[in-house]
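Numbering (the UniProt record's numbering), first residue to last: 1 to 562. Ideal placement from N, C-alpha and C gives every residue a C-beta, glycine not left out. Only one structure is covered here, and it is reproduced in the block below.
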């Protein structure tokens, strides 16, 4: 659906402690320099009742103020994010600050989450993603009509890779929660020391950013379908799900676009599948995860002519190219960056001439994206946005952990044929149908558990309450506060309500009383607990009170017949 987003306020958040002079100039590394000048986005959705006009509106103000204060505190350690990038060489850590906008979205979070539209999600972000300027980081706090909200964050790829991005978010959340500083891993700025910057590059890192109309679509593969894809490959080496899914998506991309290329006589073009690989664990000794910067490299796979038909061979090629990024490869990269730069120049020339078609894959799977808890709970969903990088696949974990979300960006005309490919459609789940199925299954399981519980209670004579014993509702129990009226309360047999103060009869039928609360009655000695609504106490031992007033509404609950 179309999102209507209104900006309510704009602010600049600066570090709570000024950056000292010795840290004012943060050098970019060689790997930072060759990274594309784009913003990497994430949007984290949370549910909370903080709507305008609600008694909890103050909660919204407190949350925003707390977010701003904790961001200010964490920027003291992540000081480059509050600076400004200069000439693709360094960050001027002048504490100019991070833009922080607050917006109002004229819909409910469920309207977005039921069927996310990537290009619409860009409205929840502060920056135009393919136009990264000197500002490294920005936040947009989006409040929905239902009271839920989404935190849209963008970080410049010139300063951080995906793991650095998550490290920052995780640290920010920990500071916001008030975790002890000793338990938080703060950044280590080692990238420029490991990969010193170059004075000139000789090529344009923007080459992957397309001027064509690019469309991003979200495709969900369940774990069962991924297993089916791996089984179809039939490889005894047990490929990873990322390698298997990458190969499958690429073969469908080729199948849906190759016909036009053949017709136009472009068979001499060659393809490259490019995977981003985290270098930290591949160093000897390994670097800690909180090493900040662009510490990734690309593993390039050149598919053979028969790779479209032989997916097994392609998967093996992908696995081999990724395994080659090891400690020795990193050592050669560190001491032979000039040769690597020449390789990048030649690749860029081939790309610009249309001689090479790249297919870029980034996996955010197994990253702790659903652990970003600022103190009001974990996100109910985390998504990306519409990207303008052509032939790009971003893999993400779904919230239920079942399968993989593939955010795929293609030229508009190619996306049309790609998403309608029958083989592709056979492996992608219908997201709306899938959501409805999940809801139905959960409801069914709850119904089965509830029936089993009631059946065991009704059929067990030893658990029946003694006939004619009188019980009263304790309205003072915290669980009963605000209990909804008119919702059936499932009971052990027929109920015979009586009241000393109220002669009005309540309609009663077997197994349900429609006059109070909601929940399931479960005997506990001489006491009945009402799950989610309150307690029933033996009136011989207890007087239920509500604000000092005795409540004498009583029920006789005989054992049901067997």
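Return the residue from the list the options that minimises the CA-CA distance to residue i.
{"i": "residue 123", "options": "186, 383, 74, 171", "result": "383"}
{"i": "residue 303", "options": "223, 34, 272, 327", "result": "272"}
{"i": "residue 221", "options": "398, 42, 12, 23", "result": "398"}
{"i": "residue 40", "options": "424, 14, 93, 129", "result": "129"}
{"i": "residue 214", "options": "410, 135, 247", "result": "410"}
{"i": "residue 564", "options": "396, 413, 342", "result": "Because residue 564 is not part of the residues shown, which for the chain are 1 to 562, the question remains open."}
{"i": "residue 9", "options": "65, 30, 15", "result": "65"}
{"i": "residue 178", "options": "29, 126, 298, 376", "result": "376"}
{"i": "residue 134", "options": "103, 98, 68", "result": "98"}
{"i": "residue 11", "options": "101, 70, 76", "result": "101"}
{"i": "residue 415", "options": "391, 427, 429, 402", "result": "391"}
{"i": "residue 21", "options": "277, 245, 83, 311", "result": "83"}
{"i": "residue 300", "options": "276, 287, 282, 293", "result": "276"}
{"i": "residue 426", "options": "370, 249, 190, 106", "result": "249"}
{"i": "residue 113", "options": "281, 144, 168, 298", "result": "144"}
{"i": "residue 270", "options": "171, 230, 356, 106", "result": "356"}
{"i": "residue 393", "options": "340, 365, 402", "result": "365"}
Using DSSP with H/G/I as helix, E/B as strand and the rest coil, what is residue i?
{"i": "residue 22", "result": "helix"}
{"i": "residue 140", "result": "strand"}
{"i": "residue 365", "result": "coil"}
{"i": "residue 300", "result": "strand"}
{"i": "residue 319", "result": "helix"}
{"i": "residue 118", "result": "helix"}
{"i": "residue 311", "result": "helix"}
{"i": "residue 419", "result": "helix"}
{"i": "residue 135", "result": "coil"}
{"i": "residue 82", "result": "helix"}
{"i": "residue 257", "result": "helix"}
{"i": "residue 201", "result": "coil"}
{"i": "residue 156", "result": "strand"}
{"i": "residue 234", "result": "coil"}
{"i": "residue 529", "result": "Because residue 529 carries a pLDDT of 33, less than 50, the predicted location of this residue cannot be relied on, and the following value inherits that uncertainty. Residue 529 falls in the strand class under three-state DSSP."}
{"i": "residue 291", "result": "strand"}
{"i": "residue 145", "result": "coil"}
Could you give the first and the last residue of the continuous beta strand (DSSP E) run that contains residue i?
{"i": "residue 11", "result": "5 to 13"}
{"i": "residue 270", "result": "270 to 278"}
{"i": "residue 610", "result": "This structure cannot settle anything about residue 610, because the visible part of the chain is limited to 1 through 562."}
{"i": "residue 92", "result": "90 to 92"}
{"i": "residue 424", "result": "Premise fails: residue 424 lies in the alpha helix (DSSP H), 422 to 427, not in any beta strand (DSSP E)."}
{"i": "residue 392", "result": "392 to 396"}
{"i": "residue 45", "result": "39 to 46"}
{"i": "residue 410", "result": "404 to 411"}
From which residue to which residue does the alpha helix (DSSP H) around residue i run?
{"i": "residue 376", "result": "Where residue 376 is concerned, there is no enclosing alpha helix (DSSP H), given that its DSSP letter is neither H nor E."}
{"i": "residue 331", "result": "327 to 335"}
{"i": "residue 175", "result": "162 to 177"}
{"i": "residue 102", "result": "No alpha helix (DSSP H) holds residue 102; the beta strand (DSSP E) holding it covers 98 to 105."}
{"i": "residue 192", "result": "191 to 194"}
{"i": "residue 128", "result": "Neither: residue 128 is in no alpha helix (DSSP H) and is coded neither H nor E."}
{"i": "residue 113", "result": "109 to 113"}
{"i": "residue 31", "result": "30 to 33"}
State buried or exposed for residue i, treating a residue as buried only when at least 16 other CB atoms are found within 10 Å of its CB.
{"i": "residue 19", "result": "buried"}
{"i": "residue 61", "result": "exposed"}
{"i": "residue 163", "result": "buried"}
{"i": "residue 233", "result": "buried"}
{"i": "residue 484", "result": "Bear in mind that a pLDDT of 33 at residue 484, under 50, signals an unreliable position, so the model cannot answer this."}
{"i": "residue 181", "result": "exposed"}
{"i": "residue 200", "result": "exposed"}
{"i": "residue 238", "result": "exposed"}
{"i": "residue 32", "result": "buried"}
{"i": "residue 1", "result": "exposed"}
{"i": "residue 205", "result": "buried"}
{"i": "residue 354", "result": "exposed"}
{"i": "residue 196", "result": "exposed"}
{"i": "residue 16", "result": "exposed"}
{"i": "residue 335", "result": "exposed"}
{"i": "residue 286", "result": "exposed"}
For residue i, which residues in the same chain have their Cβ closer than 7 Å to its Cβ, ignoring the five residues on either side in sequence?
{"i": "residue 218", "result": "116, 118, 405, 407"}
{"i": "residue 296", "result": "161, 276, 277, 278, 279"}
Leaving out the 5 sequence neighbours to the left and right, which residues in its chain are closer than 6 Å to residue i when beta-carbon positions are compared?
{"i": "residue 174", "result": "184"}
{"i": "residue 166", "result": "367"}
{"i": "residue 638", "result": "Any property of residue 638 remains undetermined from this structure, which presents the chain solely from 1 to 562."}
{"i": "residue 148", "result": "47, 109"}
{"i": "residue 77", "result": "186"}
{"i": "residue 5", "result": "103, 105, 123"}
Excluding the 5 residues flanking residue i on each side, which residues of the same chain have their C-beta closer than 8 Å to its C-beta?
{"i": "residue 23", "result": "79, 93"}
{"i": "residue 421", "result": "252, 255, 256"}
{"i": "residue 240", "result": "319"}
{"i": "residue 68", "result": "11, 13, 100"}
{"i": "residue 417", "result": "256, 257"}
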